[in-house]
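Residue numbers for the sequence shown, in UniProt numbering: 1 to 568.
Quick reminder that beta carbons are idealized off the backbone N, C-alpha and C, glycines included.
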Amino acid sequence: MRRIRANAIAILTVAWILGTFYYLWQDNKPQSSPSSSASQTRGRSHGQKVVPGRLEIHRDDRTIPLIVTQPPRTEQQGQLLGGFDEKAYLVGKQLKPGDDPYREHAFNLQESDRLGSERAIRDTRHYRCASLNYDTDLPATSIIITFHNEARSTLLRTIKSVLMRSPPSLIQEIILIDDFSSDPEDCQLLSQIPKVRCLRNGRREGLIRSRVRGANTASASILTFLDSHCEVNTDWLQPMIQRVKEDHTRVVSPIIDVISLDNFAYLAASADLRGGFDWSLHFKWEQIPIEQKMARSDPTQPIRTPVIAGGIFVMDKSWFNHLGQYDTHMDIWGGENFELSFRVWMCGGSLEILPCSRVGHVFRKRHPYDFPEGNALTYIKNTRRAAEVWMDEYKQYYYSARPSAQGKAFGSIADRLTLRRKLNCKPFRWYMENVYPELRVPEQEAVSSVLKQGGLCLETRGADILGLAECRGIGANRPQSQRWELIEPLIRQQDLCLAISAFTAGSKVKMEPCNTKEPRQKWKPKGTALQHMVSGLCLDSQTPTGPPVITQCRPQMASQSWEPQVIT
Ligand code: LR7
Ligand code: MN
């Protein structure tokens, strides 16, 4: 009997030792990078974001023995919260028995409440990150967290994770902006925690104006933005501050890990993703282009990204201010990440994702809060503003991809256009060619039209001469010389395009080989007139039989009025 018991104990001990070794080995082994497919972030309307890409590791933190990723609690950590009464805060707002745990926050509140505010999470970085060194004199940062009716347990965990996993000297302060949540105490009580400040909006402003308010009161020279349901991971802050310290025009993001909205498991996101979008201005995670991936010999190196997800990033405060903060006419949620990303790239900065910085975020499938103007209209207003200010002629693809945006109100953008001019920012074409060449411009269907004026049609005669003539043929019988393709900004006939010969009034218009980069070939409709984009002058058939010229736009004038008629 005794022998059997001894054997059982021996077997159990061996199994326990093996299990522990296996776990440690798993935890420390280099991360593999499976060829993962980028996620299409469908399912949520209007640009709502879901889980990034494919996950590398699927483990539920509650089912595995936890390896402590933080140093053991020290005296100093015990003091993290000062006089703040955590228990009373959390008990003050809890799920009532029978309530749907997903209703209020679109994640499982019961699980979040159960977790506690100090759980350990797996260090999801590449193992090489742990041996990197950072300057000892990194500047401190102000952490800015805006929230509207966030659950107390997630908000507190966000704050505590920052205090637990950041070198104290780097945290100047944590600024909470309570965006008019129903209960002012959610925020107020938290300001008892050392370093935590709380600002409450007198009305709902949305996350964009709230962040600007936070930034305006920040006292550190570096700003760090976080969503209100995050958990920062080991050494998350140093890599980001280091990059910004070295070059203040860099705007940097961590890899955003996934906190399950169902069981709050902390899951590692793929390290091979960057931020992208489609023409409807819908954010998506996408694979790093293959050439860049091949060239990456060091997995700790930054990843250039065309856009950032938007909620979690570090930016130099003077650079944030210099670049015009945010477009504060954007409401509630959405679109500000594109506006900021385009602006940073086009006005002399850069955006990167730092693989050695990891922050978990609870990704949700729906917005748990209301949009006073409606979700769709708000997203359209915000993205329209981004498109109108920054996308130049490429905005036409936004409108084709999102036809419902046409004609919707978006307010005045005069201030932002002035800012763009003042900052002397590059054109969107530059961004397309240098930052996001992978974004394909949609093939446009070439629709042939005649360009009518009075009863006459614009036609080419011989190689490059133009004039008005009697319209000939119908349908398929229209002669080639009277067929035009209006593909903004070009007015095309096969491989030739309408071009001005000089930029001054009275200059003749002729045909020449098409080149989308040639400013002399760029036109846009202005009422019934066709305006040359650069000179601002309009296509005019002054002497009907001779070649047309460009003259000052007077859209009422018959000689400037052109009526495109699609050839069917
Ligand atoms: O009216 C509001 N006022 C607020 O203060 C609405 C929201 N908020 C707060 C909210 O409490 C939260 O802390 O703003 C923050 C962001 O709102 P979420 O969590 O509902 O947004 P999200 O995580 O779905 O959205 C992402 O895209 C947004 C576009 O406007 C913002 O840029 C979010 O910060 C951004 N979140 C992230 O980038 C985290 C990673 C997600 C991804 C991809
Ligand atoms: Mn969020």
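(message) Would you say the beta carbon of D257 is closer than 6 Å to some non-hydrogen atom of the ligand MN?
(response) One-based indexing of the sequence shown puts residue 257 at position 257. No, since every heavy atom of the ligand MN falls outside the 6 Å radius drawn around the Cβ of D257.
(request) Run the CB neighbour count on Q292, radius 10 Å, all protein chains shown included, and call it buried at 16 or more, exposed below. (result) Residue 292 sits at position 292 when you count from the first residue of the sequence shown. With fewer than 16 Cβ atoms within 10 Å of its Cβ, Q292 is classed as exposed.
(request) For the alpha helix (DSSP H) holding A120, just list the boundary residues, first then last. (result) One-based indexing of the sequence shown puts residue 120 at position 120. Segment: none, A120 is in no alpha helix (DSSP H) and carries neither H nor E.
(message) Q406 and Y397 - do their beta-carbons sit closer together than 7 Å?
(response) Indexing the sequence shown from 1 puts residue 397 at position 397. Indexing the sequence shown from 1 puts residue 406 at position 406. For the 7 Å CB-CB criterion, Y397 and Q406 do not form a contact.
(message) According to DSSP, is S357 part of a helix, a strand, or is it coil?
(response) Against the sequence shown, residue 357 aligns to sequence position 357. Assignment of S357 by DSSP, reduced to helix, strand and coil, places it in the strand class.
(request) Go ahead and pull the three-state DSSP assignment for S350. (result) Here residue 350 corresponds to residue number 350 of the sequence shown, with the count starting at 1. Of the three classes helix, strand and coil, the one that applies to S350 here is strand, per DSSP.
(message) Given 6 Å as the limit, tell me if D227 has its C-beta closer than that to any heavy atom belonging to the ligand LR7.
(response) In the sequence shown, the residue the question calls residue 227 occupies position 227. Distances from the CB of D227 to the heavy atoms of the ligand LR7 include at least one below 6 Å.
(message) Just to confirm my understanding: we take A558, look at its own chain, exclude 5 residues before and 5 after, and list those with CB closer than 6 Å. What are they?
(response) Locating residue 558 in the sequence shown gives position 558, where the first residue counts as 1. Contacts found: none.
(message) I'd like to confirm something about T568: is its beta-carbon nearer than 6 Å to some heavy atom of the ligand LR7, or not?
(response) What you label residue 568 is simply residue 568 of the sequence shown in a count that begins at 1. No; taking the cut-off as 6 Å, the Cβ of T568 has no heavy atom of the ligand LR7 nearer than that.
(message) As a quick exercise: from P168, Q287, K317, pick the residue whose alpha carbon is nearest that of A218.
(response) If you number the sequence shown from 1, residue 218 lands on position 218. For the residues P168, Q287, K317, the minimum Cα distance to A218 belongs to K317.
(request) Have a look at C230 and R152 and give me their C-alpha separation to the nearest angstrom. (result) Mapped onto the sequence shown, residue 230 falls at position 230. Mapped onto the sequence shown, residue 152 falls at position 152. Going by the C-alpha atoms only, they are around 12 Å apart.
(request) Count the CB pairs spanning the segment 164 to 180 and the segment 134 to 146 that are closer than 8 Å, and state whether there are at least three. (result) In short, these stretches touch, since the Cβ pair count reaches three.
(request) Please name the residue, chosen from K524, W390, L261, L340, that lies closest to W562 on a Cα-to-Cα basis. (result) Position 562 of the sequence shown, counting from 1, holds the residue named residue 562. The candidate whose alpha carbon is nearest that of W562 is K524.
(request) Evaluate contact between the segment 186 to 199 and the segment 78 to 90, counting only Cβ atoms and requiring at least three cross-stretch pairs below 8 Å. (result) The segment 186 to 199, when compared against the segment 78 to 90, does touch it at the 8 Å Cβ threshold.
(request) Can you give me the start and stop residues for the beta strand (DSSP E) that W484 sits inside? (result) Counting from one through the sequence shown, the residue named residue 484 turns up at place 484. Boundaries of the beta strand (DSSP E) around W484: 484 to 487.
(message) Pairs of beta-carbons, one from the segment 199 to 206 and one from the segment 118 to 133, closer than 8 Å: are there three or more?
(response) Contact between the segment 199 to 206 and the segment 118 to 133 is absent: fewer than three C-beta pairs spanning the two stretches fall below 8 Å.
(message) Given the structure, does F180 come close to the ligand LR7, in the sense that its CB is under 6 Å from one of the ligand's heavy atoms?
(response) By 1-based counting over the sequence shown, the position of residue 180 is 180. Not under cutoff, so the answer is no.
(request) State the DSSP-derived secondary structure class of D540, mapped to helix, strand or coil. (result) The sequence position of residue 540 within the sequence shown is 540, counting from 1. Strand, per DSSP.
(request) Would you identify the three-state DSSP class for A401, choosing helix, strand or coil? (result) Reading the sequence shown from its first residue, position 401 is the one you call residue 401. Three-state DSSP puts A401 in a helix.
(message) By the three-class DSSP mapping on this structure, what secondary structure does S318 have?
(response) Indexing the sequence shown from 1 puts residue 318 at position 318. Collapsing the DSSP output to three states places S318 in a helix.
(message) I believe V232 touches V162 by the beta-carbon criterion, under 8 Å. Please report the beta-carbon distance rounded to the nearest angstrom.
(response) Here the question's residue 232 lines up with position 232 in the sequence shown. Here the question's residue 162 lines up with position 162 in the sequence shown. So it is a contact: roughly 6 Å between Cβ atoms.
(request) Please report how far the alpha carbon of T41 lies from the alpha carbon of H361, in whole angstroms. (result) On the sequence shown, position 41 is the one that residue 41 refers to. On the sequence shown, position 361 is the one that residue 361 refers to. Because the pLDDT at T41 is just 39, under 50, the model does not fix this residue reliably, and the value given afterwards should be weighed accordingly. Their backbone Cα atoms lie some 16 Å apart in a straight line.
(message) Check this for me: beta carbons of K508 and V534, under 7 Å apart or not?
(response) Taking the sequence shown and counting its residues from 1, one reaches residue 508 at position 508. Taking the sequence shown and counting its residues from 1, one reaches residue 534 at position 534. In this structure, K508 lies away from V534, with their beta-carbon atoms at least 7 Å apart.
(request) Go ahead and pull the three-state DSSP assignment for R461. (result) The residue labelled residue 461 in the question sits at position 461 within the sequence shown. Here R461 carries a strand assignment [DSSP, helix/strand/coil].
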